[in-house]
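J.:
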């Protein structure tokens with residue numbers, strides 16, 4: 028399958044505009060990928076609100092866990108989907124419903140139909156990426172572990 | 163930069179080498195430090211849990227070394243790299259995530275002699291096996307493979323024989339049986355050949371050679387394409403199953419395409435300890451800035467020398483894939499269209515004695531066990547680097563008694579040829 032391609036400027040503008048992220052499929056288990064992502068995004072100043080019906084009502088990294096997107100009583104800028112491609116369909120519809128501006132599907136999660144619905148409703152969409160990895164890549168942190176950031180610049184990066 | 167892909171020459175100068183965020187230093191600083199302070203206990207815990215990127219200890223990561231890792235990943239078109247103390251260390255580090263006791267690799271029998279020794283003898287101490295096959299027929303890899311096979315290993319351009327392997331065909335067979343193809347790209351460098359474009363999954367380098375380029379620094383590199391699916395079968399439990407040494411974290415699931423490189427640092431370098439020094443990484447970064455210019459000159463000089471020697475009375479044959487008459491010319495045109503590299507082997511009519519005499523009478527050439535220096539180099543493998551090999555291995559590796567290996571430098575071509583002519587005249591007497 029052809030790999031999805033997003034321009035750096037597109038991803039950068041999403042990460043710059045978004046303040047509050049609802050993370051659907053957030054796990055309370057510290058060594059699950061979603062836990063890594065939530066913890067990292069919090070350190071970068073994002074408010075991350077976890078959504079997971081199995082552990083709803085519990086606390087995760089200082090935030091209450093909600094059972095569904097429509098229960099959250101504050102505005103959500105971006106819905107980050109840690110579920111499989113099939114589940115991403117109805118979650119995307121819920122994201123449109125609550126007025127989110129961005130739908131982001133994690134590594135391996137691709138649902139073109141859902142993406143088309145979101146885009147038709149005016150949302151921006153990213154699939155098969157991780158916001159943690161993209162944030163680290165674009166800000167030079169990924170380079171610390173020997174990764175190819177694909178960023179070429181003679182400007183001084185901010186610390 | 164814009165969203166357009168930068169060219170190779172731009173990457174060689176800039177990739178991984180943005181100005182230092184702390185000081186604005188334009189050249190990458192040498193971070194000659196063993197350790198890095200933590201912000202607080204929570205930051206330390208997050209770093210050790212691999213939850214945030216950052217520096218802990220230079221055995222794992224170091225800012226100067228990571229700059230080199232990123233540059234090599236960019237030049238190869240890979241997702242990430244792990245630097246190693248040497249090319250040999252890189253080979254072990256590349257296999258470490260894949261192998262368990264009893265597992266084996268299938269490797270080309272036309273490899274650098276040091277690699278054949280490492281794989282054929284020292285790997286046995288880890289209970290790793292290595293089967294060597296003739297890569298001229300790619301199907302030999304399939305015939306040799308078993309359910310214990312975890313990788314195929316070839317050189318894009320073999321040292322010293324000038325052998326070019328049909329990488330795409332071997333990659334296809336590797337993928338048929340569900341294992342990665344590892345390519346040693348030392349002799350070609352990514353300027354001449356980018357193995358990931360031909361189906362390879364992992365590239366290893368001795369950066370000691372053309373990448374550093376001036377004969378200053380020993381080093382190695384493992385570059386991952388990020389495209390091999392470690393979860394596709396049960397062959398690679400270190401990556402696809404919960405890792406007890408990391409609280410049952412599953413690398414391939416947590417880090418996706420980055421998992422092989424994270425494993426290389428977090429477990430490979432942590433436990434094998436063969437990290438590259440910041441000073442060597444700095445010297446290699448400097449070298450890579452001029453890699454495209456040097457490789458062009460290496461190749462044009464080498465072609466002139468090969469053409470001259472192939473008509474020389476004291477020379478029986480020249481093995482260099484840049485010669486139209488060479489057995490590997492067609493494969494060379496396909497995989498190395500910009501040039502066949504700097505290294506060739508030459509068969510002397512005077513045999514073993516002529517080889518020994520030649521290395522003793524050259525003046526401009528340096529007689530030493532390296533390749534890829536800006537200086538022209540010569541060695542007689544049968545009496546030096548390949549001394550430990552059997553007669554059969556010597557001839558398979560293209561290093562028989564009459565063979566000398568030349569690594570052509572970037573001097574004035576007429577001076578290189580004149581030195582060889584005077585030495586050949588004396589070696590023939």
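Protein chains in written order, with the numbering used here: chain A, 28 to 186; chain B, 163 to 591.
We put the beta carbon where it would ideally sit given N, CA and C, even for glycine.
Measuring only the C-alpha atoms, how far is residue 541 of chain B from residue 495 of chain B?
T.: Approximately 27 Å between the Cα atoms of the pair.
J.: Output needed for residue 78 of chain A: all residues of its chain with C-beta closer than 8 Å, excluding positions within five of it in sequence on either side, in chain order.
T.: 49, 50, 51, 52, 53, 92, 93, 94, 95, 96 and 99
J.: Given a cut-off of 8 Å, decide if residue 284 of chain B and residue 263 of chain B are closer than it, judged by their beta-carbon atoms.
T.: Not a contact, by the Cβ cut-off of 8 Å.
J.: Could you list which residues in chain A have their beta carbon closer than 9 Å to that of residue 181 of chain B, in chain order?
T.: 180, 181, 182, 183 and 184
J.: Select from the segment 70 to 91 of chain A all residues with a C-beta closer than 7 Å to any C-beta belonging to chain B, and list them in chain order.
T.: Flagged, chain order: 70.
J.: Beta carbons nearer than 9 Å to chain B: which residues of the segment 166 to 180 of chain A have them?
T.: Against chain B - using a Cβ distance shorter than 9 Å - the residues of the segment 166 to 180 of chain A are 167, 168, 169, 170, 171, 172, 173, 174, 175, 176, 177, 178, 179 and 180.
J.: Once DSSP output is grouped into helix, strand and coil, what is the label at residue 294 of chain B?
T.: strand
J.: Buried or exposed for residue 446 of chain B, please, with buried defined as at least 16 other CB atoms from any protein chain shown within 10 angstroms of its CB.
T.: It counts as buried.
J.: Output, in sequence order along the chain, the residues in the segment 400 to 429 of chain B whose CB is closer than 7 Å to any CB in chain A.
T.: 409, 410, 411, 415, 416, 418, 420, 423, 424 and 427
J.: Rank B/245, B/169 and B/214 by C-alpha distance to the C-alpha of residue 432 of chain B and give the top, closest one.
T.: B/245
J.: Taking the alpha carbon of residue 261 of chain B as the reference point, which residue from B/281, B/440 and B/350 has its own alpha carbon closest?
T.: B/281
J.: Residue 327 of chain B to residue 318 of chain B, Cα distance in whole Å?
T.: Approximately 6 Å between the Cα atoms of the pair.
J.: Quick check: the Cα distance between residue 509 of chain B and residue 517 of chain B, rounded to an integer number of angstroms?
T.: 9 Å
J.: Could you please give me the residues that DSSP links to residue 151 of chain A through a beta bridge?
T.: A/129
J.: Rounded to whole angstroms, what's the CA-CA distance from residue 577 of chain B to residue 586 of chain B? Just pull it up for me.
T.: The alpha-carbon atoms of residue 577 of chain B and residue 586 of chain B are separated by roughly 14 Å.
J.: Using Cβ-Cβ distances below 7 Å, what residues of the segment 345 to 377 of chain B are close to chain A?
T.: For the segment 345 to 377 of chain B, the beta-carbon criterion of a distance under 7 Å to any beta-carbon of chain A is satisfied by none of its residues.
J.: Quick check on residue 519 of chain B: buried or exposed, where buried means 16 or more other Cβ atoms within 10 Å of its Cβ?
T.: buried
J.: How about residue 454 of chain B: is its C-beta nearer than 8 Å to some C-beta of chain A?
T.: no
J.: For residue 474 of chain B, which of helix, strand or coil comes out of DSSP?
T.: It is coil, neither helix nor strand.
J.: List the residues of chain A whose Cβ lies closer than 8 Å to the Cβ of residue 225 of chain B, in chain order.
T.: 171
J.: Here's the rule: buried if 16 or more other CB atoms are within 10 angstroms of the residue's CB, otherwise exposed. What is residue 28 of chain A?
T.: Legend: pLDDT at residue 28 of chain A = 45, less than 50; position of this residue unreliable, value from coordinates given subsequently. The residue in question, residue 28 of chain A, is exposed, as its Cβ has fewer than 16 Cβ neighbours within 10 Å.
J.: Starting from residue 423 of chain B, trace the alpha helix (DSSP H) in both directions and tell me its first and last residue.
T.: 421 to 425
J.: Counting Cβ pairs, one atom from each stretch, are 3 or more of them under 8 Å apart for the segment 202 to 214 of chain B and the segment 136 to 153 of chain A?
T.: no
J.: Please classify residue 438 of chain B as buried or exposed, where buried requires at least 16 neighbouring CB atoms within 10 angstroms.
T.: buried
J.: Determine, for residue 102 of chain A, whether the minimum Cβ-Cβ distance to residues of chain B falls below 8 Å.
T.: no
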